Amino acid sequence: MFGKILIANRGEIACRVIRTCRRLGIRTVAVFSAADAAAQHVILADEAVPIGPAPARESYLVIDRIIEAARATGAEAIHPGYGFLSERADFAEACVATGIVFVGPRAAAIRAMGLKGAAKALMERAGVPIVPGYHGDAQGVAELMTEAERIGWPVLIKAVAGGGGKGMRRVDNAADFEAALAGAKREAMAAFGDDKVLLEKYLLRPRHIEVQVFGDSHGNIVQLFERDCSIQRRHQKVVEEAPAPGMTVEMRAAMGAAAVAAARAVDYIGAGTVEFIADVSQGLSADRFYFMEMNTRLQVEHPVTEMITGQDLVEWQLRVAVGEVLPLKQSELAINGHAVEARLYAENPRRNFQPSTGRLLRFRAPAPDGDLRIDSGVAEGDVVTPHYDPMLAKVVAWAPDRATATGRLAGAMGAHEIAGLQSNAAFLGRVLRHRSFVSGDVDTGFIPAHIKELEPLRSAPENADLAFAAVALHRRGEAGAGALVLRQQTNEMTVDLVEEAGAYRLGLSGGVVSVRVTNESDGVLNILLEGVAQRAAVVHDGKTVWVARDGETNRFDLVDPAD
Ligand code: ADP
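Using this note's numbering, the first residue of the sequence shown is number -1, and each one after it goes up by one.
In structure tokens form, the structure reads like this:
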């Protein structure tokens, strides 16, 4: 095994790789930008090397700096994590050229899967089902229009160099085609410097189901079953689970075989994911799933696979990278129970999910155990900057059955106490408790279809939030008795506070309520509100008070009456 490796990444995935290295006795080198000098991955690693200013283009994406950091520290291998340089064939080549092991596939496999059109053609030759469509060289409007008519409306235009949903347009009829094509090409050129497109039949009820594959340098390839990632917001995964709800033994076998064939077609080595789209307009069916793309790296959502197989996929990556054979054969792999992951983001669901930045004045997650795993890249006190992906943590629950795992995860989302910025914890809790999700009735349109029920129920603060804020400000000495004006974004609310006999009477817009504080410890306030027990974490920041309750975060600013 390696003695020392460098991790060319940050955040939760860098921390997660370091943990496995520590267990295997491998020393770790972190790299960090100017914005990350005190980040968790830097604190956790044995050594850390600065690689440039905050913008990723000037630090985490600069191949030469990372290779130089590996050389300077004597790292034998580089783990790229996901994102950043993980799918850059030139990075894999640069490692090899310097005598450093790239923990991932060979550059040729990355390249073969890098362009959607070429990858589809390769898959078609390998006998892997692909979405009906056109991925030829012709790019003229008339030729593409003819192909679109042949495929049948609606069609999806995709940039061959695409990623992150860019350069993608759904077209419902011939009249809209030319304008949509021009738009997709313009967007693709701007994002990827390549305006080539392909056409696909647009599936009306698709599920995103992907298969984890693993190859070694001895020609062995196995698949570690599927993950369902259909719960997406703007084509970004939000909740992932394994196995896929409703999956049949027959369909799993067909998808697993197709995924292995895809990996074999590029002599795949290391961890990879073959993404399929399944047409579920008539339910899951073994003859209606199609190859979408192969991601030549470890995925964000790999923990659900680890939990149902009992394997550590980073350990597998490292073993394969040193030239060992795969730790298990296909016949030794089995699914045990069910795992669900939710991606906790620093974002504001009340403001169209805009990223939310700032200092994490409070960041308390429920205590992990064997069945609840939390992969986090930040800790209380850290600053979330606008420079990188705003994911705070991945929260993953395992149980023998799906309903129990889902319930456990929903409870864990509500138990998060977050102050200093906004998060989607409560939103995720509502997704996980939604009756359609609970019954396994999922497709990629789930969030838009149910958005009314998933939107913050508490878009306006409840009496309890106001009561916690007013009482906390009073106890802190920030506010006296009488009328307190609390501002939340642009709304101002008045609370009339009267203290008598160790309790409070609060005049709110809906009437007068009684509040008695029963306990206060470690930032958590327990109150009786009209005799009903309530608890919230309350964090003070001058005239600002944050109330965190049931996974929701409410910020109130005390308005000075003199202003
Ligand atoms: P990108 O690489 O830009 O993320 P993908 O090809 O991976 O694009 O597709 C992203 C998402 O778009 C999929 O997970 C799915 O939700 C949707 N999608 C892709 N292809 C189709 C299709 N043919 N029909 C309907 N939806 C699709």
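C-beta atoms are modelled at their ideal positions from N, C-alpha and C, and glycine is treated no differently. The model shown is predicted, which means the values in this text are computed figures rather than measured ones.
Look at the alpha carbon of V436 and the alpha carbon of V338, and state the distance between them as a whole number of angstroms. 12 Å
From this set, V511, R533, L527, which residue's C-alpha is nearest S519's C-alpha? R533
Drop a sphere of 10 angstroms on the beta-carbon of E248, count the other beta-carbons inside from all chains shown, and report buried for 16 or more, exposed for fewer. exposed
Report the three-state DSSP secondary structure of G375 (helix, strand or coil). coil
Using DSSP with H/G/I as helix, E/B as strand and the rest coil, what is T488? coil
Return yes when at least one heavy atom of ligand 1 lies under 7 Å from the C-beta of P127, else no. no
What number of angstroms, rounded off, separates the C-alpha of N461 from the C-alpha of V537? 18 Å
Pairs of beta-carbons, one from the stretch 418 to 431 and one from the stretch 351 to 363, closer than 8 Å: are there three or more? yes
So which of M166, E498, V126, M245 has the shortest CA-CA distance to A263? V126
In whole angstroms, what is the alpha-carbon distance linking T402 and E345? 27 Å
Should the stretch 215 to 231 be regarded as contacting the stretch 177 to 190, the criterion being three or more beta carbon pairs within less than 8 Å? no
Per the contact definition of three or more C-beta pairs closer than 8 Å, is the stretch 97 to 109 in contact with the stretch 69 to 78? yes
My output table needs one value for L113: the three-state DSSP class, helix, strand or coil. coil
Using 8 Å as the cut-off, can you tell me whether the stretch 264 to 277 makes contact with the stretch 320 to 336, which would need three or more C-beta pairs spanning the two stretches below that distance? no
If you count every other CB in all the chains shown that lies within 10 Å of the CB of K450, and 16 or more means buried, which is it? exposed
Measuring only from the beta carbon, is L201 closer than 7 Å to any heavy atom that is part of ligand 1? yes
May I ask you to check if the CB of M290 is nearer than 7 Å to at least one heavy atom of ligand 1? yes
Does the Cβ-Cβ distance between R231 and F351 come in under 8 Å? yes
Take P398 as the anchor and find which of G165, R406, A391 has the nearest alpha-carbon. R406
Whose CA, out of A92, R203, A408, T18, lies closest to the CA of G549? A408
Look at D628 and E10 and say whether their C-beta atoms are less than 8 Å apart. Residue 628 lies beyond the residue range present for the chain, which begins at -1 and ends at 561; the question has no answer from this structure.
So what's T144 in DSSP terms, helix, strand or just coil? helix
Assigned secondary structure, R168 (DSSP; H/G/I helix, E/B strand, else coil): strand
Local conformation of Q297 per DSSP, three classes: coil
Ligand 1 and E273: does the residue's C-beta get closer than 7 Å to at least one heavy atom of that ligand? yes
Cβ separation of G160 and K114, assumed to be a contact under 8 Å, to the nearest whole Å: 6 Å
For I3, does the count of other Cβ atoms within 10 angstroms reach 16, so buried, or fall short, so exposed? buried
M292 bridges to which residues according to DSSP? V272
By how many angstroms is the C-alpha of T404 removed from the C-alpha of W544? 28 Å
Continuous beta strand (DSSP E) stretch holding W314: start and end: Premise fails: W314 lies in the alpha helix (DSSP H), 311 to 319, not in any beta strand (DSSP E).
Option nearest T355 by Cα separation, candidates L370, P384, R317, V158: P384
Give me, in chain order, the residues of the same chain whose beta-carbon lies closer than 7 Å to that of M245; leave out the 5 immediate sequence neighbours on both sides. E224, L282
When the Cα atoms are used, what is the spatial distance from V493 to L482? 5 Å
Given the structure, does H77 come close to ligand 1, in the sense that its CB is under 7 Å from one of the ligand's heavy atoms? no
Between the Cα of R547 and the Cα atoms of A410, G505, D441, which residue gives the shortest distance? A410
Does the beta carbon of P204 fall short of 7 Å from some heavy atom of ligand 1? yes
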